[in-house]
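Student: To get the numbering used here, take the position in the sequence shown, counting from 1, and add 974. Following this message is one structure expressed as structure tokens.
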Amino acid sequence: MNKIDTNLTRLSVSKTPQDERDVLVDLDLTLIHDISTTAFLRSARPKLAVLMIVKAIQISKVWRLLPGADKARIYQDWLSVLAVAILLPWTVPVWTFLHARRVAKASANEELARSLRDTPPGKLTVVTFGFGPIVRPLIRHILPDAEVLSCSLLRGDRLRKSGKYPAMVARIGQERVVNAIVITDDETSDHDLLQHCRYSILVKSRDDAVKPAFRDAYIPFRYLETVKRPGSQYLLRQVLLTDCVFLIIAFWPTFANPILGAISLIILHLSFFIVYEIGYVENDTVAREERNPTLSPEFFQYTGNFSRLGAWLWAIGGSCVGLLGLGVATGRLALTDPFTGLGHLLVDYGVPWLAVLIAAVVVFRIYNAVAPVERIAVYPVLQLVKLGGYGLLLATTQVGAIIIATLVLARSIPYLVYRAGGARPWSDEPIATIVVFVVLLGCVSAVPGADILSLQAALALVWLGVRARRQLRAKAARLLEGRQDAAEKATQTE
975 MNKIDTNLTR
985 LSVSKTPQDE
995 RDVLVDLDLT
1005 LIHDISTTAF
1015 LRSARPKLAV
1025 LMIVKAIQIS
1035 KVWRLLPGAD
1045 KARIYQDWLS
1055 VLAVAILLPW
1065 TVPVWTFLHA
1075 RRVAKASANE
1085 ELARSLRDTP
1095 PGKLTVVTFG
1105 FGPIVRPLIR
1115 HILPDAEVLS
1125 CSLLRGDRLR
1135 KSGKYPAMVA
1145 RIGQERVVNA
1155 IVITDDETSD
1165 HDLLQHCRYS
1175 ILVKSRDDAV
1185 KPAFRDAYIP
1195 FRYLETVKRP
1205 GSQYLLRQVL
1215 LTDCVFLIIA
1225 FWPTFANPIL
1235 GAISLIILHL
1245 SFFIVYEIGY
1255 VENDTVAREE
1265 RNPTLSPEFF
1275 QYTGNFSRLG
1285 AWLWAIGGSC
1295 VGLLGLGVAT
1305 GRLALTDPFT
1315 GLGHLLVDYG
1325 VPWLAVLIAA
1335 VVVFRIYNAV
1345 APVERIAVYP
1355 VLQLVKLGGY
1365 GLLLATTQVG
1375 AIIIATLVLA
1385 RSIPYLVYRA
1395 GGARPWSDEP
1405 IATIVVFVVL
1415 LGCVSAVPGA
1425 DILSLQAALA
1435 LVWLGVRARR
1445 QLRAKAARLL
1455 EGRQDAAEKA
1465 TQTE
């Protein structure tokens, strides 16, 4: 293989004997400064539905069920495009007649395209792992006379499995392929062509020009995970494994169907946090104007599109699912006659829950509006809305009420110390939560008729211990070291 140039941005293929050699040119990041699959998904509407389809495929990793090796590379993009094309059947025609022309005009590598337009008929082939219905309209607006070898939409795995070289040999014969000129940006993906063809031109890719498919789409919790609490797995550790677990323990005695009740509470709390995330965005926006703001570096790099309307739509949709599940779990909505109970469910659950969501936004806005030192009075109320609002929907026991009060106090006390000028001991919060829970249990036990010795209290203590296991081990180790040091000093003194 002869490398004609490794970094050409201006090409002159016409100087080679075109009547003797074929030209095989890659599409993504070569003929266009974009990725065809990404451009298609970016243009498909409605964006929320496209996002949900693609994310469902990514999260489920359904390609693992398919045969062969290197499954993610072979199947992931194909399954995403195929699912969008089937479930949203207008996306391919709209792309063909509307978006392809715009993308071709905006992203074409015009210098390369200009040099290729003089290639004799039948000698120029665009060889791409993109999908035929997506790439053909693009190529038609850039090199209308070029042949196209691409993946089929119905069997998009075939070309990716076999590779470009065997496919081109089957189309034009081995001798023509071996003598062809290959133009590409990627030595890895086009390794088989570059290995067998005598001539190659490697162009500089402009992958920085590729705009991610969902960068401008609103995605719940993206701000929380990437800007507000980057790298902390806040959604998993704090929202799911702390809030949701303790809410389930606090309210499970009221469920006729505990499993459905637990799932419904998780859905409701996630829906609540979608709205709560609005307060985080407003908090950082206000903090930017403060003298000594506490902002993560990711805040200044964030380019996503946060949508308050999108947050409310996601929250309301999730809340409807959660409230319906809650109605069945508590027996207020009978599956045998669901329509009779829907009105009562709306009054008993829907209106109070909407009030909780609105209260969260209002209280968070007040919290953001007042001076930092004045937030001492608002922060406990904000925590109470976040965790105690479920009391408007569900009854609980004395222990359940203690669990909610424990979480509110265990989070508020360190915050009050911090705002009063002290250190914010986040590392000790799990231990502080155990202390507060035990103290509150002891106080309530003095009330005549109190029933705190229960499975509910035991489960809460066990999970509190699980959360605090690292801090407890660290303190035990320090205590042991302190005793050993004291014993050594005593021995030396003797």
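In this text, a Cβ means the ideal position worked out from N, Cα and C, and glycines have one as well. Keep in mind the model is a prediction, meaning the values are calculated, not measured.
Suppose the cutoff is 8 Å on Cβ atoms and the five residues either side in sequence are ignored; what does the same chain contact list for residue 1279 look like?
Tutor: Counted from its first residue, the sequence shown places residue 1279 at position 305. Residues of the same chain with a CB within less than 8 Å of the CB of residue 1279, apart from the 5 flanking positions on each side, are 1189, 1190, 1191, 1192 in chain order.
Student: Could you round the C-beta distance between residue 1230 and residue 1374 to whole angstroms and report it? I think they count as a contact, below 8 Å.
Tutor: For the purposes of this step, residue 1230 is taken as the residue at position 256 of the sequence shown. For the purposes of this step, residue 1374 is taken as the residue at position 400 of the sequence shown. Residue 1230 to residue 1374, Cβ: 16 Å. No contact.
Student: Can you tell which of 1112, 1055, 1006 has the C-alpha that lies nearest to the C-alpha of residue 1025?
Tutor: To locate residue 1025, count along the sequence shown from 1; it is residue 51. The candidate whose alpha carbon is nearest that of residue 1025 is 1055.
Student: May I ask which residues mark the beginning and end of the alpha helix (DSSP H) holding residue 994?
Tutor: Position 20 of the sequence shown holds residue 994. For residue 994, there is no enclosing alpha helix (DSSP H), since its DSSP letter is neither H nor E.
Student: For residue 1455, which residues in the same chain have their Cβ closer than 7 Å to its Cβ, ignoring the five residues on either side in sequence?
Tutor: As a position in the sequence shown, residue 1455 is number 481, starting the count at 1. There are no such residues.
Student: For the stretch 1160-1180 against the stretch 1106-1123, do three or more pairs of beta-carbon atoms, one drawn from each stretch, fall closer than 8 Å, so that the two count as touching?
Tutor: A contact between stretches requires three or more CB pairs, one per stretch, nearer than 8 Å, and the stretch 1160-1180 fails this requirement with the stretch 1106-1123.
Student: Less than 8 Å between the C-beta atoms of residue 1005 and residue 1086, yes or no?
Tutor: What you label residue 1005 is simply residue 31 of the sequence shown in a count that begins at 1. What you label residue 1086 is simply residue 112 of the sequence shown in a count that begins at 1. Yes, Cβ-Cβ distance for residue 1005 and residue 1086 is below 8 Å.
Student: Counting pairs of beta carbons, one from the stretch 1075-1092 and one from the stretch 1053-1067, are three or more of them closer than 8 Å?
Tutor: Taking 8 Å as the limit for Cβ pairs, the verdict is that the stretch 1053-1067 does not touch the stretch 1075-1092.
Student: Enumerate, from N- to C-terminal direction, the unbroken beta strand (DSSP E) stretches of 3 or more residues contained entirely within the stretch 1132-1184.
Tutor: 1155-1158, 1173-1177
Student: State the CB to CB distance for the pair residue 1324 and residue 1297, rounded to an integer number of angstroms; the pair is presumed to be in contact (CB under 8 Å).
Tutor: The count along the sequence shown starts at 1 and reaches residue 1324 at position 350. The count along the sequence shown starts at 1 and reaches residue 1297 at position 323. Sure, about 6 Å apart at Cβ, within 8 Å.
Student: Between residue 1367 and residue 1438, which are expected to be in contact by the criterion C-beta below 8 Å, what is the C-beta distance as a whole number of angstroms?
Tutor: Position 393 of the sequence shown, counted from the first residue, corresponds to residue 1367. Position 464 of the sequence shown, counted from the first residue, corresponds to residue 1438. About 24 Å separates the two Cβ atoms, so there is no contact after all.
Student: Can you name, in chain order, every residue of its own chain whose Cβ lies under 7 Å from the Cβ of residue 1372, other than the five neighbours on each side?
Tutor: Working through the sequence shown from its first residue, we reach residue 1372 at position 398. Around residue 1372: 1418, 1424, 1425, 1426.
Student: Between residue 920 and the rest of its own chain, which residues show a CB-CB distance below 7 Å, the 5 nearest in sequence each way excluded?
Tutor: The first residue shown for the chain is 975 and the last is 1468, placing residue 920 beyond what the model contains.
Student: Can you tell me which of the three DSSP states residue 1230 falls into?
Tutor: For the purposes of this step, residue 1230 is taken as the residue at position 256 of the sequence shown. Looking at residue 1230 - three-state DSSP - the assignment turns out to be coil, as it is neither helix nor strand.
Student: Measuring CA to CA, which of 1003, 1383, 1430, 1422 is closest to residue 1409?
Tutor: What you label residue 1409 is simply residue 435 of the sequence shown in a count that begins at 1. The residue with the shortest Cα to Cα distance from residue 1409 is 1383.
Student: Tell me which same chain residues have a C-beta within less than 8 Å of the C-beta of residue 1226, skipping the five on either side of it?
Tutor: Position 252 of the sequence shown, counted from the start, is the residue given in the question as residue 1226. So the list reads 1232, 1235, 1236, 1430, once near-sequence residues are dropped.
Student: Please list the segments of the alpha helix (DSSP H) lying wholly inside the stretch 1008-1071, counting only runs of 4 or more residues, in order along the chain.
Tutor: 1010-1017, 1021-1034, 1045-1061, 1065-1068
Student: Buried or exposed: residue 1271, going by 16 or more other Cβ atoms within 10 Å of its Cβ?
Tutor: The residue given as residue 1271 occupies position 297 in the sequence shown. Classification of residue 1271: exposed, given that the 10 Å Cβ count is below 16.
Student: Is it right to say residue 1245 is buried, meaning 16 or more other beta carbons lie within 10 angstroms of its own, or is it exposed?
Tutor: Here the question's residue 1245 lines up with position 271 in the sequence shown. Classification for residue 1245: buried.
Student: Grab the span of the alpha helix (DSSP H) containing residue 1089 for me, first residue to last.
Tutor: Residue numbering aside, residue 1089 sits at position 115 when the sequence shown is read from its first letter. Start and end: 1084-1090.
Student: Quick check: the Cα distance between residue 1003 and residue 1009, rounded to an integer number of angstroms?
Tutor: Looking up residue 1003 in the sequence shown gives position 29. Looking up residue 1009 in the sequence shown gives position 35. Their backbone Cα atoms lie some 6 Å apart in a straight line.
Student: Just reading off the beta strand (DSSP E) that residue 1102 is part of, what are its end residues?
Tutor: Locating residue 1102 in the sequence shown gives position 128, counting from the first residue. Taken as a continuous stretch (DSSP letters only), the beta strand (DSSP E) holding residue 1102 covers 1098-1105.
Student: State buried or exposed for residue 1401, treating a residue as buried only when at least 16 other CB atoms are found within 10 Å of its CB.
Tutor: Along the sequence shown, read from residue 1 onward, the residue named residue 1401 stands at position 427. Caution applies to residue 1401, whose pLDDT of 48 falls short of 50 and renders its modelled position unreliable; the model cannot decide the point.
Student: Output yes or no for whether 8 Å exceeds the beta carbon distance between residue 1166 and residue 1138.
Tutor: The residue you call residue 1166 lines up with position 192 of the sequence shown. The residue you call residue 1138 lines up with position 164 of the sequence shown. In contact: residue 1166 and residue 1138 (Cβ atoms closer than 8 Å).
Student: If contacts are defined as beta-carbon pairs under 8 Å, then residue 1015 and residue 1058 qualify, I think. What distance do you get, rounded to the angstrom?
Tutor: In the sequence shown, counting from the first residue as 1, residue 1015 sits at position 41. In the sequence shown, counting from the first residue as 1, residue 1058 sits at position 84. At roughly 7 Å, the Cβ-Cβ gap stays under 8 Å, so residue 1015 and residue 1058 are in contact.
Student: Run through the DSSP bridge pairs and tell me what residue 1123 is partnered with.
Tutor: Taking the first residue of the sequence shown as 1, we reach residue 1123 at position 149. According to DSSP, which records beta bridges pairwise, residue 1123 is partnered with 1101.
Student: Quick test of your reading: residue 1394 and residue 1359, contact by CB under 8 Å. State the CB separation rounded to the nearest angstrom.
Tutor: Mapped onto the sequence shown, residue 1394 falls at position 420. Mapped onto the sequence shown, residue 1359 falls at position 385. That belief does not hold up - the Cβ atoms of residue 1394 and residue 1359 are roughly 23 Å apart, past 8 Å.
Student: Between residue 1283 and the rest of its own chain, which residues show a CB-CB distance below 8 Å, the 5 nearest in sequence each way excluded?
Tutor: To locate residue 1283, count along the sequence shown from 1; it is residue 309. Contacts found: none.
Student: So the candidates are 1259, 1248, 1201, 1254; which of them puts its Cα closest to the Cα of residue 1292?
Tutor: In the sequence shown, the residue the question calls residue 1292 occupies position 318. Nearest C-alpha to residue 1292: 1248.
Student: When we look at the beta-carbon of residue 1441 and count the other beta-carbons within 10 Å, is it buried (16 or more) or exposed?
Tutor: Here residue 1441 refers to the residue found at position 467 of the sequence shown. By the 10 Å Cβ count, residue 1441 comes out buried.
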